[in-house]
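First residue of the sequence shown: 1, per full-length UniProt numbering; consecutive thereafter. Glycine residues also receive a C-beta, built at the ideal position from the N, C-alpha and C atoms.
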Amino acid sequence: MSLLQPTTESGRAALDRIRAEPDRAVLAFDFDGTLAPIVPDPRDSRAHPGAVAALRALAERVRAVAVITGRPAAVAVEYGGLDTVPGITVLGHYGRERWEDGRLAVPDPPPGVSTVRAALPGVLKRVGAPDGTWIEDKDHALAVHTRRTADPDAALELLRAPLADLAERSGLAVEPGRMVIELRPPGMDKGAALTDLAAATGAGAVLYAGDDLGDLAAYDAVERLRDRGVAGFRLCSGSTEVTELAKRADLVVAGPSGVVEFLEELVADLGG
């Protein structure tokens, strides 16, 4: 059974536009949970087998292929093997960083990041964060993971208010996700990054694929682009952990393996 069967009229229109005008199509993807399976330790994350080959094939057929991730751009490139995809743009830290053609543009982090870095261990100790809670330092952001704890959801709930308070005092934004709360610089999100990319490339159609709460901003951007005449397709890498995207998607597939199958079918449909 073909995966190229959107469940919404707008999704079908967008897929038709991508087929008809691939040279004006921009395809953008989240990394973790979309192109790469979720793993207990984010440092072990790698692209799903077949993902890079599919992206390479698509890059030869469409206007632009991009990855928009909360990770540092260089880390996503390394973990995904994305430097083998011709012309790909990797926007890290929700669009604050840009990797393209081997060149990396990274702004200075705001002072609040170092404030949070120093304060976070004490906050976790004070509130009694359970064993298995750990801090991921992303240089320009700090993420607190609960996936390794005995009750990840309860640990996340315990930490939500104290981390929000720390972020507010430090001038940072809170980004919730799958068993993680990230404290990061404000002023940029995946929606803004996708909108800028669509404008810079003159996109006539945009596809965005994601799996987590941070991808909702990109879904919002797809809706706004539709209002401007840009056909938009929202692909969800489905999971039982986060269901908010599935409710708004034009098509839901079974995790990163489903995303890869979808892309392989799209490549064939575009003359692969």
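Among the options, nearest to residue i - alpha-carbon criterion
i: Pro-86; options: Val-75, Tyr-94, Glu-60, Ala-76; result: Glu-60
i: Asp-269; options: Ala-54, Pro-42, Arg-46; result: Ala-54
i: Gly-204; options: Ala-64, Pro-6, Asp-211; result: Ala-64
i: Phe-31; options: Val-75, Arg-103, Arg-117, Glu-264; result: Val-75
i: residue 274; options: Gly-177, Val-206, Pro-185; result: The requested residue 274 does not occur in the structure, where the chain is confined to residues 1 to 272.
i: Arg-169; options: Arg-117, Val-127, Leu-158; result: Arg-117
Buried versus exposed, by CB contacts within 10 Å (16 or more), residue i
i: Pro-121; result: exposed
i: Ser-114; result: exposed
i: Ala-167; result: buried
i: Glu-175; result: buried
i: Asp-189; result: buried
i: Asp-108; result: exposed
i: Gly-187; result: exposed
i: Glu-97; result: buried
i: Ala-217; result: buried
i: Met-47; result: Note on identity: in this sequence residue 47 is Ala, with Met being the wrong assignment. With 16 or more Cβ atoms within 10 Å of its Cβ, Ala-47 is classed as buried.
i: Gly-102; result: exposed
i: Val-267; result: buried
i: residue 332; result: It is not possible to answer for residue 332, since the shown part of the chain is limited to 1 through 272.
i: Arg-228; result: exposed
Residues near residue i in its chain [Cβ-Cβ closer than 6 Å; skip 5 each side]
i: residue 274; result: The structure shown does not extend to residue 274, since the chain is modelled only from 1 through 272, so no value can be given for it.
i: Arg-226; result: Gly-232
i: Thr-221; result: It should be noted that the sequence gives Ala, not Thr, for residue 221. So the qualifying residues of the chain are Gly-191, Leu-194, Thr-195.
i: Phe-29; result: Leu-35, Val-67, Ala-209
i: Pro-152; result: Thr-146, Met-179
Beta-carbon contacts of residue i that lie in its chain and below 7 Å, excluding the five residues immediately before and after
i: Ala-193; result: Ile-68, Leu-91, Tyr-94, Gly-95
i: Arg-12; result: Pro-6
Sub-9 Å separation of residue i and residue j beta-carbons
i: Ala-173; j: Tyr-219; result: no
i: Val-259; j: Ala-14; result: no
i: Leu-183; j: Val-242; result: no
i: Pro-256; j: Gly-33; result: yes
i: Val-180; j: Ala-25; result: no
i: Thr-149; j: Ala-141; result: no
i: Leu-58; j: Leu-27; result: yes
Cutoff 9 Å: residue i Cβ touching any chain D Cβ
i: Leu-4; result: In the structure shown, chain D does not exist; there is a single protein chain.
Check: Just checking, does the segment 188-208 make contact with the segment 132-148 on the three C-beta pairs under 8 Å criterion?
Finding: no
Checklist line | Inter-stretch contact at 8 Å, needing at least 3 Cβ pairs: the segment 67-87 / the segment 42-53 | finding: yes
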